[in-house]
Structure formats: C-alpha cells, structure tokens
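J.: Once you've had a glance at the structure underneath, I'll fire off some questions.
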Ligand SMILES: Cc1ncc(COP(=O)(O)O)c(C=O)c1O
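In my numbering, the protein residues as written are -16 to 354.
Set out below in structure tokens:
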C-alpha cells in the first residue's frame, strides 16, 4: 500500500537523537535552545519558542495576542480543527467566512465583511501551504485595531510575493511539526514572536508559568506543560539540516502529479503559484469531479494499493460545532463544496516516479471508468 504520508528520516536524525538520549538531558536541556536558534535563523527571525504541538503553539499565541473570553475572532472554516478549537480554549468564538475557491484561504476582503464590533482578532491559516494574503490581513488588523495570529502549521517553506517568508513577517505565527509536515519532531510546533517580551511570555506559559530566572518552587502566572522535549528538538535539528532537500522532494512530487493529472476532465488540482506567492508543499489534495462518489473512490483506490483520505472536512459542519453554535449546511458554500470533493493523495519527498504513476493510474481508473 502506498501510504498517504511518511516522514523523511536519515542517518543524521538517528545520530542526533541517540547522542541526546545518551547525554541523559531529555527535557529542558541544551537541544531546546539549539533547535529554537536554528529554526529562527532558518526563518531569518529572532524570537522562536519550541512547543509540544502546533495546537499548543496556537493556544499560547492567541493568549499572547490578548484574546479574552467573549471575543469574536474571524477565521477560516476550511482548516484542521485546531485553528478554531484554540479559540474555544479561551472562551472566544470563531466567526467563519467563506474561502476563496482558488487558494482555499480566506481573503482579507471576506474577513473584513465578517468583522463586527465584537471582533477582536483575526486568525488566518495558510492552508495546504499556500500563503494567505498577509499584507491584506495586516492592513485590516491595523484599520480595525485587531490582533493577528497566523496559523502557518502547514506552510513551512512558503514565501509571499513581496519576498517575505511565511510566518516571519513580524506577526505571532505558529508552525506544526507533526510527522506529515514538511519538517517533523514527532509531535511538536513552534511559535514565532514579534518581540523578546512576547517570547518570554510564551516561554513561561509553556513551562507552567515559571519565569526564566525563577526557582523551581515559584510560578508567577498560569501556565501549561507545552514544552518540547530534547529528543524531539534533536530530531528537529537534524531535519532542519535537510529541509531544503525535503522541500525540493515535495515540489518534485507535486510537479509529477500536476503534469500527469492536468488533462483529467473535471478534476481540480492545487492552484499554481500566482503573483509571486510561493507554496510550501505540504499535501497534494485534488477536488474530485462533481458526481464522483468520494467514499467509493477511497475504497477503489485502496483496492489498487493507494491510500487516500478526504481532507479536510468543513469545521462548521463538524458535529461538535453544529451542536455548540448551530451551524448548518449552506452557510459557506465554497468551503462546503471543496470539503465535500477534496481527496488527499499520497505525498512525501521519497515518493518514486513509479509510485506516482500507480497513484495516477488508480485515480484515472476511478474517475474515468469508461476510458
Ligand atoms: C492548519 C493546522 N493548524 C493546526 C494544526 C495543529 O498542529 P498539531 O497537530 O501539531 O497540534 C495543524 C496540524 O495538524 C494544521 O494543519
């Protein structure tokens, strides 16, 4: 079976993880700072906090941004559920707006139309690694005095048209390092802060609310255990050394899929880079032609040795969100249509040309049965 995702791991990962294991410093050791510095320098930014997951990073980032219970925050319904859930942790309410059918991100214009007097913040997501319009969101945030947090969990390696790196424009931004991501630490994530003070707060809150210079016995604020352990940081350090190679591998596979699937009638492909924005390839998600039964397609692909997955469901239609907020079908038609037809194909740097051919043949057989 060709799997949907597989982390790219080499000898260097093994070496650094084993060295760290043998050092006996498994948490709050030297690897943490080393990984944070290396990640910061990769992004050409200054203030990075490594955390235990992307979700933990989002939670700490919105707290640092100033979210409060009862706030409305404008975000996208087409994302992994964590980008909306983190708002609920703080008693805020996610207010969704519909997505752009090309980029699958929310636009600054759509977000502006959803802003009301109750809105305090914006939480755009760079979905599937395609850059959201940050200049637009930064303008909206400034005009309406809103805070801004970027969910860049899927977007390592992406760049904006103005040359800036996604997640490194001076906003609070969050990356995720789950094993399907461009870079993995097992579980893990990172928050990029705009200032030393913001990083200090995040570093403290990830470590049970203890200030850096505090003794073991004191805590001066509410905190969490959102620390990233040293074995994970060692893995991340080795992955960073190979990041360009891994990103190039993903771009190669995306290029192969794009060429091989371009002529399939009715099939939607990930949008090409436009206007200087550059995607950091994370997943390869196609939109099945209208009328193709997706559940049957998943089963038929599996019979042909190919793992695929519907990706992603619309957040507002998840049962928990329906029950809690009364959401119904028809509220965000573009998102709902995309969510109903989207299918993630196997995608990782080491996917071979022959495997890509096998996936493409299986997909064609499923959606062009008469051919
Ligand atoms: C857009 C988005 N936001 C948040 C997350 C949460 O990251 P994690 O799974 O590391 O908690 C993910 C990752 O799966 C994601 O894709």
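Yeah, the Cβ is synthetic: ideal placement off N, Cα and C, and Gly gets one too.
#1: Taking residue 258 as the reference, give the member of 100, 110, 5 and 115 with the closest Cα.
#2: Let's see if you can read the secondary structure: which residues bound the alpha helix (DSSP H) around residue -5?
#3: Going by alpha carbons, who is nearest to residue 207 out of 186, 220, 195 and 226?
#4: Using three-state DSSP, classify residue 207 as helix, strand or coil.
#5: According to the Cβ coordinates, are residue 36 and residue 159 closer than 8 Å?
#6: What residue ranges within the segment 241 to 318 form continuous alpha helix (DSSP H) runs of no fewer than 4 residues, ordered along the chain?
#7: May I ask which residues mark the beginning and end of the alpha helix (DSSP H) holding residue 94?
#8: With a CB to CB cut of under 7 Å and the five nearest residues on each side skipped, what residues in its chain are close to residue 153?
#9: In this structure, does DSSP put residue 76 in helix, strand or coil?
#10: Would you tell me roughly how many angstroms separate the C-alpha atoms of residue 87 and residue 288, rounded to the nearest one?
#11: Which same chain residues, not among the five before or five after residue 163, have their C-beta less than 7 Å away from its C-beta?
#12: Starting from the N-terminal side, write out each stretch of the alpha helix (DSSP H) that is 4 residues or longer and does not extend beyond the segment 129 to 195.
#13: Measuring alpha carbon to alpha carbon, tell me which of 118, 336, 217 and 281 ends up nearest residue 18.
#14: Per the contact definition of three or more C-beta pairs closer than 8 Å, is the segment 220 to 229 in contact with the segment 101 to 118?
T.: Quick look at the numbers:
#1: 115
#2: -6 to 6
#3: 186
#4: coil
#5: yes
#6: 277 to 286 and 302 to 308
#7: 91 to 97
#8: 177
#9: strand
#10: 29 Å
#11: -12
#12: 179 to 189
#13: 217
#14: no
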